[in-house]
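Undergrad: Quick mapping for you: the protein sequence lines, in order, are chains W and P.
Be aware that the first sequence starts at 1, since it is given in our numbering, and climbs by one per residue.
Be aware that the second sequence starts at 1001, since it is given in our numbering, and climbs by one per residue.
All residues carry an ideal CB built from backbone N, CA and C; glycine is no exception.
All values derive from a computational prediction rather than experimental measurement.
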Amino acid sequence: MSPGRLPACENPGAGRIQVTDRDTKLKAAPFDYHAPQTVEAAVALLQQFESEGVDAKILAGGQSLMPMLNMRVARPQVLIDLGKIPGLDHIRAEGDTIVIGAMATKRAAEDSALVKERQPLFHAATRLVGHRQIRNRGTVGGSFAHADPAAEYPAVALVQDIQMKAQGSDGVRTITAKDFFVTYMTSCLEAAEVLTEVRLPAMAAGTGWSIQEFTKRDGDLALAGVVVTLRKAKGLCDDVRIAAFGVNPTAVRLSAAEAALQGQAPTAENFARAAALGAESLEEPIGDVHASPDYRRQLVKVFTGRCLAEAAARAT
Amino acid sequence: MTTKQLTTVTVNGRVYKREVEPRLTLADFLRYELHLGGTHLGCEHGVCGVCTVLIDGRASRSCLTLAVQADGAQVTTIEGLRNRETGQLHPIQQAFVDEHGLQCGFCTPGFIMTTLELLGDNPDPSDAEITEALGGNLCRCTGYETILKSVRLAAERLRGGRLAARTSA
């Protein structure tokens, strides 16, 4: 559709856009639409479609799904919109856990004083997702369920022991981050299961943290990025956790680098050694038109070093 | 075959009820169902920002929102900014005119709607905050410098307007 062919529209209702035969105002392939009012109803619909062999997809904020629909990369027969289910967009504290409803927007997480104060790493990661317009509609749960290997949340989930709560026909289950992310764009959620909640442990006082990534343009998905949390015990590195994203089919922990730093002094030398070890230990990174495997490995090395330094500076 | 959905959307204060195909985007709903052509479409996959409208006060990509998702929502488009009684441009629009914040004008509705949300949240943004907020909108003409100037001027005038309104009241 070329905007050049459209007559100018001066005032509300004044212009009439002529749709010619060559224009199509519909981009996505046809699908049926359901907007259930409860999670139970959504699960029942998913179950029904699964048994009928109908390809049904869940629609949350749509900020990843809609481009795929518009380009017809995804052609589901049915969309089940969770947007009409009340009570799925809360952000609240339950003791030392911050509970975020799956349909809470990233903007809500960004604006939440609770998230900012008690889980600053998750807050910083949220601000790296897309642009403000995307965060205004994109949901926290949607990002987890989408399981993009270049997304920030899965890496944060791995180092912060974030848990996912999902509801299916057999009831509710809680899933650890390690089990949740399976491979490219694939979580362990069953076909008739709905992610309802993301549960973040509040960050322990004194924990240092850092998240850094490289994107070609502001707001793009990362070519590669690194998340670090660490603590200091008697001035030495303790409980160092490092995860890389954008390099393998899921975010990965760099356990060799973590182990190398345990009980070591937080020096630039030690960090450089651990960063090299972490990058080396990576399985063959993704290679594509944007970056070769070697370049991604190099990015992980550089960001691991920088993240360790930043996290150490923040740790008390 | 897909079942059409009865969808009620309030656009610029006016309520519209339409039977729409679920796959119709909000952008195309505005343009083809409501004949509001001010919301432009560029990339149609969420990169260029030209289709930005406010949905319940939040700047959103109307190409990445289905019309059915906006059921029950309040939508503001560029057509809703001009003062209906006087016909005067909104201060943000006027600032873009005065500071040459546009050349071809194709991206302008998106920039202005994004600015509208920004200045509502933050009446006195720093340059860094303006740049960050506008990061989701692409312009191929201006080099952005005049857009930044436009937003600064709009912020200044809106702040002044508010002050004046307060003192006269």
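#1: Is the beta carbon of P:Leu1064 closer than 8 Å to that of W:Pro67?
#2: How many angstroms separate the CA atom of W:Gln262 from the CA atom of W:Asp148?
#3: Thinking C-alpha only, which one of W:Leu254, W:Phe271 and W:Val227 is nearest W:Ala124?
#4: My output table needs one value for P:Val1050: the three-state DSSP class, helix, strand or coil.
#5: Could you confirm whether any beta carbon from chain P is found closer than 8 Å to the beta carbon of W:Cys9?
#6: Less than 7 Å between the CB of W:Val289 and some heavy atom of the ligand ATP, yes or no?
#7: Quick check on the burial criterion: 16 or more other C-beta atoms within 10 angstroms. Buried or exposed for P:Ala1027?
#8: Starting from W:Phe245 and walking both ways along the beta strand (DSSP E), at which residues does that stretch end?
#9: List the residues of chain W whose Cβ lies closer than 7 Å to the Cβ of P:Ala1133, in chain order.
#10: Mind checking the region 1015-1033 of chain P against chain W and listing, in chain order, the residues whose C-beta falls within less than 8 Å of any C-beta there?
#11: Taking Cβ positions only, does P:Ala1067 come closer than 8 Å to chain W?
#12: When DSSP labels each residue in this structure, what does W:Cys9 get in the three-state scheme?
#13: Give every residue of the same chain whose Cβ lies closer than 6 Å to the Cβ of W:Pro266, excluding the five residues on either side of it in the sequence, and list them in chain order.
#14: Select from W:Pro76, W:Pro249, W:Val247 and W:Ser51 the residue whose C-alpha is nearest the C-alpha of W:Lys57.
#15: Taking the C-alpha atoms as reference points, what is the distance between P:Phe1111 and W:Val78?
#16: Classify W:Pro7 as buried or exposed, calling it buried when 16 or more other Cβ atoms lie within 10 Å of its own Cβ.
#17: With DSSP as the reference, please indicate the residues paired to W:Phe214 in a beta bridge.
#18: Got a sec: is the Cβ-Cβ distance from W:Arg75 to anything in chain P below 8 Å?
#19: Along chain W, which residues have their Cβ under 7 Å away from the Cβ of P:Ala1059?
#20: Against chain P, does W:Ala63 count as a neighbour if the rule is that its beta carbon must be under 8 Å from one of theirs?
#21: Please look up how many angstroms separate the CB atoms of P:Ala1059 and W:Arg132, rounded, as I've assumed it's under 8 Å.
#22: Can you list, in chain order, the residues of its chain with a C-beta nearer than 8 Å to that of W:Lys178? Leave out the 5 residues immediately preceding and following it.
#23: Look up P:Val1075 in the DSSP assignment and give the residues it is bridged to.
#24: Return the residue from the list W:Lys84, W:Ile134, W:Pro201 and W:Glu94 that minimises the CA-CA distance to W:Gln37.
TA: Let me lay it out:
#1: For W:Pro67 and P:Leu1064, yes; Cβs fall inside 8 Å.
#2: Cα-Cα distance, rounded: 30 Å.
#3: The candidate whose alpha carbon is nearest that of W:Ala124 is W:Val227.
#4: The answer is coil: DSSP assigns P:Val1050 none of H, G, I, E or B.
#5: With a pLDDT of 41 at W:Cys9, under the threshold of 50, the predicted position of this residue should be treated as unreliable, and no value is reported.
#6: Here there are no bound small molecules, and the ligand ATP is not part of this structure.
#7: Here P:Ala1027 is buried: its Cβ has 16 or more other Cβ atoms, across all protein chains shown, within 10 Å.
#8: From DSSP, the beta strand (DSSP E) with W:Phe245 extends over Leu236 to Phe245.
#9: By Cβ distance, chain W contributes Arg132.
#10: Shown in chain order are the members of the region 1015-1033 of chain P whose Cβ falls below 8 Å from a Cβ of chain W: Glu1021, Pro1022, Arg1023, Leu1024, Thr1025, Asp1028, Arg1031 and Tyr1032.
#11: Proximity of P:Ala1067 to chain W, defined by a Cβ-Cβ separation below 8 Å, is not satisfied.
#12: Only weak support is given to the placement of W:Cys9: the predicted model assigns it a pLDDT of 41, under 50, and the question is left unresolved by the model.
#13: Taken in chain order, the residues that qualify are Cys237 and Ala312.
#14: Here the closest residue by C-alpha is W:Pro76.
#15: Cα to Cα, the separation comes out at about 34 Å.
#16: Its pLDDT being 40, under 50, W:Pro7 is placed unreliably by the model, and the measurement read from it follows with that caveat. W:Pro7 comes out exposed.
#17: Looking at the DSSP assignment, W:Phe214 forms a beta bridge with W:Ala224.
#18: No - not a single Cβ of chain P is within 8 Å of the one on W:Arg75.
#19: Per Cβ cutoff of 7 Å: Arg132, Gln133 and Asn136.
#20: Residue 63 of chain W is actually Gln in this sequence, not Ala. Taking Cβ atoms only, chain P reaches closer than 8 Å to W:Gln63, which makes this a yes.
#21: Right, the Cβ-Cβ distance comes to about 6 Å (below 8 Å), so this counts as a contact.
#22: Excluding the 5 residues flanking it on each side, W:Lys178 has same chain C-beta neighbours closer than 8 Å at Leu158, in chain order.
#23: Assignment of beta-bridge partners to P:Val1075 by DSSP yields P:Val1011 and P:Ile1055.
#24: Distances from the alpha-carbon of W:Gln37 to those of W:Lys84, W:Ile134, W:Pro201 and W:Glu94 put W:Lys84 closest.
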